[in-house]
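Its first residue numbered 28, the sequence shown is counted upward by one per residue in the working numbering.
The beta carbon of each residue, even a glycine, is placed where N, CA and C say it ideally should be.
A quick note: this is a predicted structure, and the numbers were derived from the prediction, not measured.
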Amino acid sequence: MTTRSTELLRVAHTHPGVTRADAARLLGIGTGATTELVARLAQATLLAEAPAAPSGTRGRPTTVLMPHPAGPLVLAAEITHEAWRIDVVELGGRTLASRTAPHAGTTWPDVTAAVTSAVSRFQQTYGGRLRAMGVSVPGTVAPGLRLDASNLGWHDVDLTTLWPTASLIVAGNDASLAATAESARGAATGASVALHVRIEGGLGGAIVNQGHLLIGATGAGGEFGHMPFGDPGVICPCGARGCWGTAVDGTALARFLGQPPPRDPVTYARKIIATDGPDERAAVGVIAAALGRGLAGLVNGMDADLVTLGSIAADLLAAAPAELHSAYQSGLMAIRRKSPPPLVAAALGADGPIAGAAENAWSALLPKLI
Numbered sequence: 028m029t030t031r032s033t034e035l036l037r038v039a040h041t042h043p044g045v046t047r048a049d050a051a052r053l054l055g056i057g058t059g060a061t062t063e064l065v066a067r068l069a070q071a072t073l074l075a076e077a078p079a080a081p082s083g084t085r086g087r088p089t090t091v092l093m094p095h096p097a098g099p100l101v102l103a104a105e106i107t108h109e110a111w112r113i114d115v116v117e118l119g120g121r122t123l124a125s126r127t128a129p130h131a132g133t134t135w136p137d138v139t140a141a142v143t144s145a146v147s148r149f150q151q152t153y154g155g156r157l158r159a160m161g162v163s164v165p166g167t168v169a170p171g172l173r174l175d176a177s178n179l180g181w182h183d184v185d186l187t188t189l190w191p192t193a194s195l196i197v198a199g200n201d202a203s204l205a206a207t208a209e210s211a212r213g214a215a216t217g218a219s220v221a222l223h224v225r226i227e228g229g230l231g232g233a234i235v236n237q238g239h240l241l242i243g244a245t246g247a248g249g250e251f252g253h254m255p256f257g258d259p260g261v262i263c264p265c266g267a268r269g270c271w272g273t274a275v276d277g278t279a280l281a282r283f284l285g286q287p288p289p290r291d292p293v294t295y296a297r298k299i300i301a302t303d304g305p306d307e308r309a310a311v312g313v314i315a316a317a318l319g320r321g322l323a324g325l326v327n328g329m330d331a332d333l334v335t336l337g338s339i340a341a342d343l344l345a346a347a348p349a350e351l352h353s354a355y356q357s358g359l360m361a362i363r364r365k366s367p368p369p370l371v372a373a374a375l376g377a378d379g380p381i382a383g384a385a386e387n388a389w390s391a392l393l394p395k396l397i
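As structure tokens, this is what we get:
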């Protein structure tokens, strides 16, 4: 088949339920050529057609492009500080099945054992339809699919052990993948330059420029949490001093309240944010202001036109909007204050990283299907 076939599959993935006529328009080709491409892809069990929902208008009934019922699938895996989750995702982004569980242990072999077991169960159900895996992780992914997650004590671990027999595995940082998903299917759809910031057991993020994720020279871009926007007296697990992430996560809240570092900083942060005590409210306000100042610095430097916030960052926006917006506004250059880029909660919420992992897997797989 041709590059046009891959482009048509990409259109069907990006625009679920697209009509054949609209697909032709998006590709810039005639409807006859599109009909021929659809027939070839259907014969290859990659694409199918189904009647469109009644529109109430006269004329010939139209059809929409759908994933083939026997077509390829990808696995999307998300590994967090507390748990793992794996989804089976078809063309177009719909999840067919999902498994999740808290970590039975915190070592990498513990995590690998749980994930590979879940993969095996999915293989029993879907067999050879499973063609690729996308993985979201709370750390930096180096070339060769090596993960470094300093907050978890995972250094140079091999992500291919999650599915040793896979022909295609791609992986990325959770915040970067959430940014990808927000731009593809969430609140940042249509933005020219979107900045995404996500707080879990630390802070990460990414810039998506005209739909393209900026990953840096080695693929480790977006480590905004390690910019020196924090207290220089605080040493980050990465080895640097004054990292921004140490000023805005659950450990920062505990430090402000005079409590020991929490074992689970995400659950702890949500507990403090939800507590209506004067000390807790003061701590949340301070942390929200630290987030706002850093966001202003990134907007000044990156010239973003939209900022999406995920996980604890979105919780801080909801709990302390005045403190966050005040610090954000005061940190912006004067030329940006009249019409500042809006700060909005990520539309995909907790599903952002795994949705991004699925997008990553499909992006890598589509050219290999033809």
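Specify the secondary structure class of residue i as computed by DSSP and reduced to three states.
i: D303; result: coil
i: W190; result: coil
i: H352; result: helix
i: L172; result: coil
i: S406; result: In the structure displayed, the chain extends from 28 to 397; residue 406 sits before or after that span and is not available.
i: R37; result: helix
i: R320; result: helix
i: M329; result: helix
i: R290; result: coil
i: G217; result: coil
i: L393; result: helix
i: G155; result: helix
i: L140; result: The question names Leu, yet the displayed sequence has Ala at residue 140. The answer is helix: DSSP assigns A140 an H, G or I state.
i: V164; result: strand
i: G199; result: strand
i: A374; result: coil
Within this structure, are the beta carbons of residue i and residue j separated by less than 7 angstroms?
i: R112; j: T133; result: no
i: V45; j: L74; result: no
i: L374; j: G161; result: Note that residue 374 corresponds to Ala in the displayed sequence, not to Leu. No.
i: G228; j: H108; result: yes
i: G166; j: L230; result: no
i: I242; j: V164; result: no
i: I314; j: V275; result: yes
i: G257; j: C270; result: yes
i: L240; j: L325; result: no
i: D332; j: P367; result: no
i: A316; j: E350; result: yes
i: T398; j: E209; result: This structure cannot speak to residue 398, because the chain is shown only from 28 to 397.
i: T207; j: G383; result: yes
i: P78; j: G119; result: no
i: P289; j: G277; result: yes
i: S203; j: G249; result: yes
i: P380; j: A247; result: no
i: T61; j: A51; result: yes
i: G199; j: V224; result: no
i: L370; j: L343; result: no
i: I339; j: A296; result: yes
i: G312; j: A361; result: no
i: T90; j: E76; result: yes
Can you find the residues in the same chain that come closer than 7 angstroms, C-beta to C-beta, to residue i, ignoring five residues on each side of it along the sequence?
i: P394; result: T33
i: A341; result: A372 and A373
i: L64; result: R31, S32 and L35
i: D330; result: V220
i: P129; result: E109 and A110
i: A279; result: T273 and I314
i: T139; result: T188 and L189
i: W135; result: W181 and V184
Tell me which residues share the same chain as residue i and place their Cβ nearer than 6 angstroms to its Cβ, disregarding the 5 neighbours each side in the sequence.
i: R320; result: A354 and G358
i: V146; result: W190
i: T72; result: H95, A97 and G98
i: G337; result: A205, R225, A373 and G379
i: G193; result: Checking the sequence, you will find Ala at residue 193 rather than Gly. M160, listed in sequence order.
i: D201; result: S163, P165 and P380
i: P43; result: G119
i: T122; result: D114 and V116
Leaving out the 5 sequence neighbours to the left and right, which residues in its chain are closer than 8 angstroms to residue i when beta-carbon positions are compared?
i: R156; result: A97, G98, P99 and L100
i: L284; result: I299, D306, E307 and A310
i: A388; result: V101, L102, A103, V116, A159, M160, G161, L195 and V197
i: S125; result: R112, I113, D114 and V115
i: T143; result: T188, L189, W190 and P191
i: R363; result: V326 and N327
Return yes when at least one heavy atom of the ligand FAD lies under 6 angstroms from the C-beta of residue i, else no.
i: S125; result: Of ligands this structure carries none, so the ligand FAD is not represented either.
Item to complete: Could you pull out every unbroken alpha helix (DSSP H) segment of at least 4 residues lying fully inside the stretch 54-133, listed in chain order?
Response: 58-70
Worksheet item: Touch check for the stretch 209-221 and the stretch 163-179: three-plus C-beta pairs under 8 angstroms?
Response: no
Discussion item. Suppose only complete runs of 3+ residues qualify. What are the beta strand (DSSP E) ranges in the stretch 220-283, listed by chain order?
Written reply: 220-227 and 229-236
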